[in-house]
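Visitor:
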Amino acid sequence: MVFDCDGTLLDSERHWIDARLKVLDDHGVVPDEKFAELAQGVHYTECGRLMATMAGRPRQAAQMTDDLLRTFRALASAAPVTCPGAPAVVSSAAGRVPVAVASNCPQDVVETCLDSAGLLRHFRHVVVPGGRVRPKPEPDVYEEAAARCGFDPADCLALEDSLCGIRSAVGAGMPVIGIGENPSPEGLQLADAWVSSLADPELGIWISGWTEQDRFGTD
């Protein structure tokens with residue numbers, strides 16, 4: 001079972017939103033209506049490029065990326081908040097199958113925030129982009145997470161809140177449960193199922209019914 005982090009396990013999407021707005025404001029830019037949709041779930045370097053393009057200063061992409069990551073780190077480390085149902089679902093799933101995280105965030109950010117929220121101890125692997133592993137929406141982080149857990153992607157399950165992440169998991173050949181109150185039409189079409197949050201009671205009952213026979217991979 002492979003979890004996204006931001007917006008799925010941790011309510012850190014609000015920190016990304018605040019960080020993006022602060023950096024854009026520092027550069028005298030007011031984002032248009034499409035920016036939030038384009039920026040959700042993408043790798044922070046791509047987000048920096050989007051912000052620089054919006055500002056009409058493409059050569060400042062590296063600087064804006066650095067500003068974005070520094071601002072996000074400060075916000076997220078100061079107030080990590082778990083998404084509804086995340087602790088219970090992670091704990092229940094980890095007692096039955098190998099669980100991993102596949103995120104577009106830097107390794108230190110993911111691990112520090114998960115640890116502060118008391119969740120890191122449940123995960124066998126945390127996979128982020130780097131080297132040959134490309135960021136979402138490419139399928140690499142989900143393929144790598146499945147491989148490290150000893151499973152074929154088709155025998156895993158991804159839990160994702162963003163369209164970017166859903167595309168990544170689907171590209172890896174992994175079934176997906178989408179999460180969120182307002183799914184996009186494409187997200188609904190791509191996901192195998194959809195819940196409003198990890199606190200959905202049917203999701204919890206389903207996971208609690210898993211048995212040893214549901215462990216198809218090797219550790």
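Quick note on numbering: our numbering labels position 129 of the sequence shown as 129, and the sequence is numbered without any gaps. For every residue, glycine included, the Cβ atom is placed at its ideal position computed from N, Cα and C.
For the beta strand (DSSP E) that contains Ala-100, what are its first and last residues?
Guide: That run of the beta strand (DSSP E) goes 100-102.
Visitor: May I have the straight-line CA-CA distance separating Tyr-142 from Pro-58, to the nearest angstrom?
Guide: Those two C-alpha atoms are separated by around 30 Å.
Visitor: Name the residue from Glu-111, Asp-11 and Arg-73 whose alpha carbon lies nearest to the alpha carbon of Val-81.
Guide: With distances taken between Cα atoms, Val-81 lies closest to Asp-11.
Visitor: Count the other CB atoms, across all protein chains shown, that sit within 10 Å of the CB of Arg-70; report buried if there are 16 or more and exposed otherwise.
Guide: Exposed, since its Cβ has fewer than 16 Cβ neighbours within 10 Å.
Visitor: Using the Cβ count rule (16 or more neighbours within 10 Å means buried), how would you classify Asp-140?
Guide: When all chains shown are included, Asp-140 counts as buried.
Visitor: Would you give the residue range spanned by the alpha helix (DSSP H) that Trp-206 belongs to?
Guide: Taken as a continuous stretch (DSSP letters only), the alpha helix (DSSP H) holding Trp-206 covers 201-208.
Visitor: How is Gly-217 classed by DSSP in three states: helix, strand or coil?
Guide: For Gly-217, the pLDDT reaches just 40, beneath the cut-off of 50, and the residue's location in the model is therefore unreliable, leaving the point undetermined.
Visitor: Quick one, which of Pro-201, Gly-48 and Arg-124 has its alpha-carbon nearest Val-2's?
Guide: Here the closest residue by C-alpha is Arg-124.
Visitor: Nearest by alpha-carbon distance to Leu-68: which of Glu-46, Asp-200 and Cys-83 is it?
Guide: Checking every option, the nearest Cα to that of Leu-68 belongs to Glu-46.
Visitor: From Ala-74 to Asp-161, what distance separates their C-alpha atoms?
Guide: Going from the Cα of Ala-74 to the Cα of Asp-161 covers about 23 Å.
Visitor: How many angstroms separate the CA atom of Trp-206 from the CA atom of Val-30?
Guide: Approximately 44 Å, taken between the alpha carbons.
Visitor: Would Met-54 pass as a contact of Met-64 if the rule is Cβ separation under 7 Å?
Guide: No. Outside cutoff.
Visitor: For the region 174-184 against the region 144-163, do three or more pairs of beta-carbon atoms, one drawn from each stretch, fall closer than 8 Å, so that the two count as touching?
Guide: Yes, the region 174-184 touches the region 144-163.
Visitor: Looking at Ala-199 and Pro-129, is the spacing between their C-beta atoms short of 7 Å?
Guide: No, these two residues do not count as a Cβ contact at 7 Å.
Visitor: Give the straight-line distance between the Cα atoms of Ala-146 and Gly-28, rounded to the nearest whole angstrom.
Guide: Cα to Cα, Ala-146 sits roughly 43 Å from Gly-28.
Visitor: Less than 6 Å between C-beta atoms, sequence neighbours within five positions excluded: which residues of the same chain meet that for Gly-48?
Guide: Within the same chain, Gly-48 has close Cβ partners Ala-61, Met-64, Thr-65 and Leu-68.
Visitor: For Asp-6, count neighbouring C-beta atoms within 10 Å of its own C-beta (all shown protein chains included) and say buried if the count is 16 or more, exposed if not.
Guide: By the 10 Å Cβ count, Asp-6 comes out buried.
Visitor: Apart from the five residues just before and just after Asp-25, which ones in its own chain have a Cβ nearer than 6 Å to its Cβ?
Guide: Taken in chain order, the list of residues that qualify is empty.
Visitor: Taking all protein chains shown into account, decide if Ser-208 is buried (16 or more other Cβ within 10 angstroms of its Cβ) or exposed.
Guide: Ser-208 is exposed by the Cβ-count criterion.
Visitor: Terminal residues of the continuous beta strand (DSSP E) containing Glu-143?
Guide: Where Glu-143 is concerned, there is no enclosing beta strand (DSSP E), although the alpha helix (DSSP H) it sits in stretches over 140-149.
Visitor: In the DSSP assignment, find the alpha helix (DSSP H) that holds Glu-13 and state where it starts and stops.
Guide: Where Glu-13 is concerned, the enclosing alpha helix (DSSP H) stretches over 13-26.
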